Amino acid sequence: QIRGLLGNFNGDDNDDFITRHNLVLPSDSSMRDLHYKFGMTWEVQGNESLFNRSGTVNNAINYEPIFLEEIRNPELNFSVVLELCGDNKQCQYDYSVTGNEQIAKGTMKFIEKFKEIESDVQKVVRCPFLEVPVNGNRSASGYAVGDNATFWCYEGFQLLQGASFVVCRENGQWSAGSPVCVEKIVEDSPISSLVVYIGSGSGALIGVIVIVIVIMAVLKCRRKPKPEPDPEINGPIFENPIFLER
Numbered sequence: 001q002i003r004g005l006l007g008n009f010n011g012d013d014n015d016d017f018i019t020r021h022n023l024v025l026p027s028d029s030s031m032r033d034l035h036y037k038f039g040m041t042w043e044v045q046g047n048e049s050l051f052n053r054s055g056t057v058n059n060a061i062n063y064e065p066i067f068l069e070e071i072r073n074p075e076l077n078f079s080v081v082l083e084l085c086g087d088n089k090q091c092q093y094d095y096s097v098t099g100n101e102q103i104a105k106g107t108m109k110f111i112e113k114f115k116e117i118e119s120d121v122q123k124v125v126r127c128p129f130l131e132v133p134v135n136g137n138r139s140a141s142g143y144a145v146g147d148n149a150t151f152w153c154y155e156g157f158q159l160l161q162g163a164s165f166v167v168c169r170e171n172g173q174w175s176a177g178s179p180v181c182v183e184k185i186v187e188d189s190p191i192s193s194l195v196v197y198i199g200s201g202s203g204a205l206i207g208v209i210v211i212v213i214v215i216m217a218v219l220k221c222r223r224k225p226k227p228e229p230d231p232e233i234n235g236p237i238f239e240n241p242i243f244l245e246r
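Under UniProt numbering, the sequence shown has 226 at position 226, and the numbering climbs by one with no breaks.
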């Protein structure tokens with residue numbers, strides 16, 4: 001994570017000004033507040049510096065910048081500044097501080113050229129990196145909009161979840177998630193159906209429950225006592241003539 005004077009790179013402009021002590025300044029704070037309450041908190045201390053400082057170098061700790069909101073140039077009417085610069089803050093600052101119209105015009109021309117170049121630059125959209133599935137591989141034509149990728153599994157494995165073919169969309173996301181490769185099991189087998197069902201995210205819990213029930217049933221059957229055999233009856237009793245006559 002990037003911290004410090006470069007801001008907080010998370011796409012949210014409202015929390016760019018985070019101090020060393022993790023306090024967030026509003027994005028519409030004055031330049032004075034941004035300088036002292038944000039910028040100066042990130043001043044490199046002596047024990048943090050990677051460089052040696054000679055005794056003749058003065059880092060001007062007491063230096064106070066000139067803030068645009070507080071500029072008071074008695075020799076220049078601010079309405080003249082606005083007439084030349086409009087809402088261009090950089091031009092306003094340079095004109096107010098130096099009082100030189102040519103410098104202000106140069107600054108404004110530079111800013112306008114910068115905005116022109118910025119508008120001509122085409123925004124590049126790229127999709128995230130695709131991981132290679134375990135026990136498989138993938139081939140990608142690129143990561144720009146319109147590029148595609150194909151996934152396949154090694155012999156003895158099959159694709160599960162995701163898709164075998166994905167395309168990079170204009171929103172910077174792939175058309176489907178990356179698949180996973182699972183070991184193949186003989187088709188039309190109850191065990192095969194159960195494993196594939198468990199492999200899917202939605203069937204994981206039910207699959208575990210089914211397995212537990214099967215195991216408990218098997219154990220219960222093994223523990224059930226065998227029935228007592230019928231008592232033996234001597235054969236001669238039924239061979240007695242008295243029983244045979246009846």
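Note that beta-carbon positions come from the ideal geometry of N, C-alpha and C, so glycine has one too.
Quick caveat: nothing in here was measured; it's all calculated off a predicted structure.
Could you compute how far the alpha carbon of residue i sits from the alpha carbon of residue j?
i: leucine 160; j: serine 178; result: 9 Å
i: leucine 25; j: cysteine 181; result: 49 Å
i: glutamate 131; j: glutamate 170; result: 20 Å
i: asparagine 8; j: asparagine 62; result: 28 Å
i: aspartate 16; j: phenylalanine 51; result: 28 Å
i: glutamate 116; j: isoleucine 66; result: 29 Å
i: aspartate 147; j: alanine 217; result: 52 Å
i: glutamate 155; j: proline 133; result: 14 Å
i: glutamate 118; j: isoleucine 111; result: 10 Å
i: tyrosine 95; j: leucine 84; result: 9 Å
i: isoleucine 191; j: valine 212; result: Bear in mind that the predicted position of isoleucine 191 carries a pLDDT of just 49, short of 50, making it too unreliable to give a figure here.
i: phenylalanine 165; j: phenylalanine 157; result: 17 Å
i: glycine 203; j: glycine 136; result: Annotation note: pLDDT 49 at glycine 203 (below 50); position unreliable, no value reported.
i: glycine 39; j: valine 167; result: 44 Å
i: asparagine 10; j: asparagine 22; result: 15 Å
i: phenylalanine 78; j: threonine 41; result: 32 Å
i: glutamine 90; j: threonine 98; result: 12 Å
i: methionine 31; j: leucine 76; result: 22 Å
i: leucine 34; j: lysine 123; result: 30 Å
i: glycine 4; j: alanine 144; result: 31 Å
i: isoleucine 18; j: serine 27; result: 10 Å
i: glutamate 101; j: arginine 72; result: 17 Å
i: serine 200; j: serine 175; result: Residue confidence for serine 200 is low, a pLDDT of 47 falling below 50, so the modelled location carries little weight; the figure read from the coordinates is stated next. Looking at the two C-alpha atoms, the distance is approximately 19 Å.
i: glycine 106; j: glycine 86; result: 14 Å
i: glutamate 43; j: isoleucine 2; result: 16 Å
i: tyrosine 197; j: isoleucine 185; result: Its pLDDT being 48, under 50, tyrosine 197 is placed unreliably in this model, and the value from its coordinates should be taken loosely. So the two alpha carbons sit approximately 12 Å from each other.
i: leucine 82; j: phenylalanine 114; result: 21 Å
i: valine 214; j: glutamate 183; result: 23 Å
i: isoleucine 103; j: asparagine 88; result: 13 Å
i: cysteine 127; j: alanine 163; result: 16 Å
Over what stretch of residues does the beta strand (DSSP E) that includes residue i continue unbroken?
i: cysteine 181; result: 180 to 183
Between the Cα of residue i and those of the options, spot the shortest distance and give me the residue it belongs to.
i: methionine 108; options: Gln92, Gly162, Ser49 and Gly136; result: Gln92
i: phenylalanine 151; options: Glu64, Trp174, Ala144 and Ser139; result: Ser139
i: valine 125; options: Leu82, Val81, Gln173 and Asn100; result: Gln173
i: glutamate 69; options: Pro128, Ser29 and Glu183; result: Ser29
i: alanine 64; options: Val81, Tyr36 and Asp87; result: The sequence given here has glutamate at residue 64, not alanine. Comparing Cα positions, the closest option is Tyr36.
On the DSSP bridge list, what partners appear for residue i?
i: cysteine 168; result: Trp174
i: glutamine 158; result: Val182
i: phenylalanine 151; result: Arg138
i: alanine 144; result: Arg126
i: valine 24; result: Ile18
Taking the alpha helix (DSSP H) that residue i belongs to, which residues open and close that run?
i: glycine 106; result: 101 to 120
i: phenylalanine 129; result: First-last for phenylalanine 129: undefined, no H or E at that position.
i: glutamate 83; result: 78 to 85
What do you reckon, is the C-beta of residue i under 7 Å from a heavy atom of the ligand GTP?
i: tyrosine 143; result: The ligand GTP is not part of this structure, which contains no ligands at all.
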